[in-house]
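Asks: Chains as they are written, first to last, in our numbering: chain V, 15 to 379; chain B, 72 to 391.
Written out as structure tokens, the structure is:
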């Protein structure tokens, strides 16, 4: 039963990433733990500045050059990527773990042909001739759906459209058939119609190549479509994690509710109002006391500013974890009200919770 | 692209004619001294002066004189004759060109290599002591006038008058074909002096440019591919950071080819700058005119070369 083949492909354990700056230490990632199994897809969801990108860059060791202080473990096939020497980590980067980024135009080098950049990615890890690498580059461009690949391989990134560029980035990431692909907001910079194509492409490539995917996004629509499991991040922590099905059926964290209620849905009736999450994302240098979400939480109670909640299993579902100080019963009733279309205030009154004492004045304490 | 180059060349020719017109105005209309009298030297009598005036067309109208000047220049490549030595200006300039080329091109090799190395190292260790020391030194070299650096170099290291008899001093220049080894050693000090200021500017330029480039998303992509840091910096980073250097390099070389007066004078190198300096002290207008014309030509050609090079360096630039 044990052995390398059976455990999760990637296991991140109590990962902390801090950046010392002149204004103080930025706690970008604050003790997160998650796993990705082979061939599965994990969606990491959160606002900008919630630490989702930093945690993924750290997986590839890309925060090392930025002076980050990293602690915790990132196990990938028995190796700890936090402590692995640069040389060995480089052999994994772009080879066993590949990454694609948000803006495909700025992510491709403007002065090198697309083919040259692909060939470089192949030859960084494979001892093949330039001609063979070029053949493979053309094959890869074809695989990601770029028509007339043998001609377009000689073009420069600015000659590609936005969707094409992201396809080229994906081709580059797949060059060495990675076991894990990290996609950081892969569709954010693209047109809506192109977004769907790129997601469909990622899914079909995943089926074909059997790789695991970590998809980072602020867009719940994207994870709904792709992810098997979802982790919701807030202020450098995971506040809720569950299977995608579970997360959409019975979300437990007020922040997750906020995310769900602020996204328009085609199936909901048109008079259900969208409710934005009030306030600003907190400073990661001076974080709020207690539950980091309490200044923005419509259901916060006085002691929530004091007590720091831990990620704990939800009663009745050991695979679903949440870090919230509300009682399980209260959460279930609140979500039932919200799901019916109640505003946070109405839900709070229906459940009989007192209003937070001093509204949002505590934000960014 | 070909059409673009042809258009640029035609513009270059037009620009040259404008420069010539300005030169003509400066040297034939503005000076108070009569060129014919200067030409006559010690044999000043009205008859000879009138004769000279006629021979050189100085008795014609100014537009006619300018036309004659252009005709001589473009049809016969004739730049006139020195008032002082009677020698053809063209010959004087071409005799001096090798020394100036040796000085400037050798200096350029040094300032590019030194500027790039210091700049790259500083950029990779931005904020370190090494970086601060290099940039401080660079500031000194940028601010120091080159004739002062040249005199200091001679004072300390010249084999005749120096504190340490290390390198051949002023007036030791010989041609490359005559004595290659002596040519090289005699130029070491001038090269370093001519390169110091520009190397310092390039170091600061490349440092800033590389630091900015290393923050680009495509650098993150290059790292994510698993490339070595060396390759990330030297191939992906430098490829973008080098563009501003290429832009200034052509013009810097061209400007120096026409105006390395100070260094050539301090080290007594028989180049175009030195020729120009002597000509100015003798009011030898045909020579001054010739050297300024050459200097303008260098700058115009360098600008065209830089523009064309840019199209090859940055594929996003497509001239039409």
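Virtual Cβ for every residue (Gly too), placed ideally from N, Cα, C.
Pick from V/310, V/355 and V/345: whose alpha carbon is nearest that of residue 366 of chain V?
Replies: V/345
Asks: Using a C-beta to C-beta distance shorter than 9 Å, which residues of chain B count as neighbours of residue 115 of chain V?
Replies: 288, 291, 292 and 295
Asks: So what does residue 226 of chain V bridge to, in DSSP terms?
Replies: V/194
Asks: Would you give the residue range spanned by the alpha helix (DSSP H) that residue 343 of chain V belongs to?
Replies: 342-353
Asks: For the 8 Å Cβ check, are there 3 or more pairs between the segment 200-209 of chain B and the segment 293-300 of chain B?
Replies: no
Asks: Got a sec, what are the start and stop residues for the alpha helix (DSSP H) residue 83 of chain V sits in?
Replies: Counting along the chain, residue 83 of chain V falls outside any alpha helix (DSSP H), though it belongs to the beta strand (DSSP E) covering 83-90.
Asks: Ignoring anything shorter than 3 residues or poking outside the segment 30-67 of chain V, list the beta strand (DSSP E) runs there in chain order.
Replies: 38-50 and 55-59
Asks: Does the segment 218-230 of chain V come into contact with the segment 191-198 of chain V, if we say contact requires no fewer than three beta-carbon pairs (one atom in each stretch) closer than 8 Å?
Replies: yes
Asks: Using a Cβ cut-off of 8 Å (strictly closer), state whether residue 375 of chain V contacts chain B.
Replies: Note that residue 375 of chain V scores 46 on pLDDT, short of 50, meaning its location in the model is unreliable; the coordinates nonetheless yield the value given after this. So no, residue 375 of chain V is outside the interface.
Asks: Over what stretch of residues does the beta strand (DSSP E) that includes residue 289 of chain B continue unbroken?
Replies: Not the beta strand (DSSP E): residue 289 of chain B falls in the alpha helix (DSSP H), residues 288-295.
Asks: So that I know if they touch, is there some Cβ in chain V lying closer than 8 Å to that of residue 298 of chain B?
Replies: yes
Asks: Identify every run of the alpha helix (DSSP H) within the segment 174-227 of chain B, keeping only runs that are complete inside it and at least 4 residues long; order them along the chain.
Replies: 200-214
Asks: Check each residue of the segment 302-325 of chain B: if its Cβ is closer than 8 Å to any Cβ of chain V, include it; give the result in chain order.
Replies: 307, 310 and 311
Asks: Provide the residue span of the beta strand (DSSP E) that contains residue 232 of chain V, from first to last.
Replies: That residue, residue 232 of chain V, is in no beta strand (DSSP E); it is neither H nor E in DSSP.
Asks: Using the beta-carbon count (16 or more within 10 Å), is residue 168 of chain V buried or exposed?
Replies: exposed
Asks: Between the Cα of residue 160 of chain V and those of V/137, V/129, V/138 and V/145, spot the shortest distance and give me the residue it belongs to.
Replies: V/129
Asks: Check for me: the beta strand (DSSP E) holding residue 331 of chain V runs from which residue to which?
Replies: 331-336
Asks: Whose C-beta lies closer than 6 Å to the C-beta of residue 25 of chain V among residues of the same chain, with five residues either side of it excluded?
Replies: 49 and 89
Asks: Below 8 Å on the Cβ atoms is my guess for residue 118 of chain V versus residue 54 of chain V; work out the distance and round it to an integer in Å.
Replies: Not quite, the Cβ-Cβ distance comes to about 25 Å (not below 8 Å), so this is no contact.
Asks: Residue range of the beta strand (DSSP E) that residue 243 of chain V falls in?
Replies: 243-248
Asks: Can you pull the chain B neighbours of residue 125 of chain V, defined as C-beta to C-beta under 8 Å?
Replies: What residue 125 of chain V touches in chain B, judged by beta-carbon distance under 8 Å, is 310, 311, 384, 385 and 386, going in chain order.
Asks: By Cβ distance below 6 Å, which residues in the same chain neighbour residue 72 of chain B in space, the five residues on each side in sequence not counted?
Replies: Beyond the five residues adjoining it in sequence on each side, residue 72 of chain B comes within less than 6 Å, by CB distance, of no other residue in the same chain.
Asks: From the DSSP output, read off the bridge partner residues of residue 27 of chain V.
Replies: V/87
Asks: For residue 318 of chain V, return the contacting residues in chain B, with the cut-off set at a CB-CB distance below 8 Å.
Replies: Near residue 318 of chain V there are no residues of chain B at all, since even the closest Cβ is about 38 Å away, more than 8 Å.
Asks: Which bits of chain B does residue 9 of chain V rub up against, with CB to CB less than 8 Å?
Replies: Any question about residue 9 of chain V goes unanswered here, given that chain V covers just 15 to 379.
Asks: Based on DSSP bridge pairs, tell me the residues matched to residue 152 of chain B.
Replies: Paired residue(s): B/159.
Asks: Starting from residue 201 of chain V, trace the alpha helix (DSSP H) in both directions and tell me its first and last residue.
Replies: Taken as a continuous stretch (DSSP letters only), residue 201 of chain V belongs to no alpha helix (DSSP H), as it is neither H nor E.
Asks: What residues in its chain sit with their C-beta under 6 Å from that of residue 327 of chain V, if we drop five residues either side in the sequence?
Replies: 335
Asks: Measuring alpha carbon to alpha carbon, tell me which of V/205, V/45 and V/107 ends up nearest residue 191 of chain V.
Replies: Nearest in C-alpha terms to residue 191 of chain V, of all of V/205, V/45 and V/107, is V/107.
Asks: Which of helix, strand or coil does DSSP assign to residue 107 of chain V?
Replies: The answer is strand: DSSP assigns residue 107 of chain V an E or B state.
Asks: Report the three-state DSSP secondary structure of residue 74 of chain B (helix, strand or coil).
Replies: Here residue 74 of chain B sits in helix by DSSP.
Asks: Only counting the same chain, and skipping five residues up and downstream in sequence, which positions put a Cβ closer than 8 Å to that of residue 215 of chain B?
Replies: Same-chain partners within the cutoff: 267 and 268.
Asks: Mind checking if residue 108 of chain V is an interface residue toward chain B, Cβ cutoff 8 Å exclusive?
Replies: yes
Asks: Our contact map puts residue 189 of chain B next to residue 199 of chain B with C-beta atoms below 8 Å; I'd like the distance itself, whole angstroms only.
Replies: Contact doesn't hold; Cβ gap of about 13 Å is too wide.
Asks: For a test of the three-state rule: what should DSSP assign to residue 315 of chain B, helix, strand or coil?
Replies: If DSSP states are grouped into helix, strand and coil, residue 315 of chain B belongs with the helices.
Asks: May I ask you to list, following chain order, the residues of the segment 152-167 of chain V that have a beta carbon less than 7 Å from some beta carbon of chain B?
Replies: none
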